[in-house]
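Start counting the sequence shown at 525; every next residue gets the next number (this note's numbering). Yeah, the Cβ is synthetic: ideal placement off N, Cα and C, and Gly gets one too. Keep in mind that this is a model prediction, so the values were computed, not measured. A short worksheet on the structure shown next.
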Amino acid sequence: MFDDEPIAGGRPGGARSEAPRVSDPGPGRPSVGAARWSDRALALCALAGLIAAAAVTRTWARATLSDRGSALLVVTRSGWELRPTGPLVVAFGLLTGLICLLAHRSGRAALGVLLAVLGAAVAGLALSRLHAADPLVHKIGRLRIGTFQTDEPVAAGTAGAGLWAAALAGIVVVLAAVSWLLLTRRIVGATHASTAGGRFGPPAATGAGSSGVSGAGSAGVSGAGVSGAGPAVPGGIEGGSATERGVDHGL
């Protein structure tokens with residue numbers, strides 16, 4: 525046997541065993557990347573829910589009475605004043621943040637579906653108040669006759685920035701929840717695949733290695749026995765070297 529032959533199982537002549545390389549991509553690396561993105565999606569979902577709740581305190585409806593470009597009267601309503609829409613958006617936004625914490629700990633897909641439903645509800649409630657300024661426009665339109673003596677008074681209403689922020693935050697909650705669901709399913713699939721590979725792969729490799737080592741050991745022992753035994757010499761010592769046989773015969 526040559527010295528540069530690999531040694532398997534501590535015995536020379538055994539089957540070669542390839543050691544795992546550190547640079548080889550393991551089965552869990554794709555799932556690690558997906559887990560990072562799922563955490564980011566969940567954090568984005570919670571942040572969007574809190575933004576939707578905070579946007580309720582901002583202006584949702586604005587009515588302006590103006591004459592030739594100059595504003596004479598401005599009336600605004602915040603989301604909290606538009607009941608029950610505003611308080612519901614606050615409740616749904618805070619509930620979204622709480623469910624995100626539970627989903628991060630448990631990883632249940634049902635919580636992701638609930639997050640998507642809450643986001644859709646927030647966006648729907650906010651968009652349902654797009655015309656909340658119409659009553660205000662009608663009110664200040666009646667005041668322009670007796671209170672403001674103007675030539676060309678104009679009353680107009682618009683949706684406030686808080687309403688658009690809440691609606692956009694609800695849409696972000698829906699998209700982030702769906703992304704988290706997809707990434708979670710990918711992680712579960714990768715985990716099942718790696719578990720199945722680890723369950724069936726190592727025993728076969730171990731069995732092959734043990735048979736190779738036992739076969740090599742038995743072959744080495746039998747080979748050593750054959751090479752070490754010499755021819756039987758009558759009246760002398762079986763085996764051994766020629767010098768030992770000469771000494772035995774008195775040569």
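Check                                                                                                                                                   : Outcome
Determine, using beta carbons only, whether W704 and L618 come nearer to each other than 9 Å.                                                           : no
If distances are taken between C-alpha atoms only, which option among P608, A558, I623 and I695 comes closest to G636?                                  : I623
Kindly confirm or deny that the region 576-596 and the region 557-567 touch, where touching means at least three C-beta pairs closer than 8 Å.          : no
Thinking C-beta only, is L687 closer than 9 Å to G603?                                                                                                  : yes
Would DSSP call R709 helix, strand or coil?                                                                                                             : helix
Output the distance between the C-alpha atoms of A578 and G631, rounded to the nearest integer angstrom.                                                : 27 Å
Can you give me the C-alpha to C-alpha distance between S652 and A679, rounded to a whole angstrom?                                                     : 22 Å
Quick check: L597 and I664, are their CB atoms within less than 9 Å of each other?                                                                      : yes
Which whole-angstrom value describes the C-beta separation of W584 and L606, a residue pair presumed to lie in contact below a C-beta threshold of 8 Å? : 6 Å
Consult DSSP for T659 and reduce its assignment to one of helix, strand or coil.                                                                        : As written in the sequence, residue 659 is Pro, which differs from the Thr given in the question. DSSP places P659 in helix when its eight states are reduced to three.
Give me the Cβ distance between R586 and T708, rounded to the nearest whole Å; I'm assuming they're in contact under 8 Å.                               : Contact doesn't hold; Cβ gap of about 41 Å is too wide.
Using only alpha-carbon positions, find the residue among G610, V661, A634 and L660 that is nearest to A647.                                            : G610
Put L639 into one of helix, strand or coil per three-state DSSP.                                                                                        : helix
Could you give the distance in angstroms between the alpha-carbon of V580 and the alpha-carbon of V614?                                                 : 7 Å
Suppose contacts are defined by Cβ-Cβ distances below 9 Å. Is A650 in contact with A691 by that definition?                                             : yes
Let me check one thing: in DSSP terms, what residues is D591 bridge-paired to?                                                                          : S594 and P677
Are the beta-carbon atoms belonging to A645 and F616 less than 9 Å from one another?                                                                    : yes
Using DSSP with H/G/I as helix, E/B as strand and the rest coil, what is T682?                                                                          : strand
In terms of DSSP beta bridges, what is R601 paired with?                                                                                                : A585
Spatial neighbours of H628 within its chain, please: C-beta separation below 8 Å, excluding the five flanking residues on both sides.                   : D563 and L566
Please state whether DSSP places S498 in a helix, a strand or coil.                                                                                     : Residue 498 lies beyond the stretch modelled for the chain, which goes from 525 to 775, so this question has no answer here.
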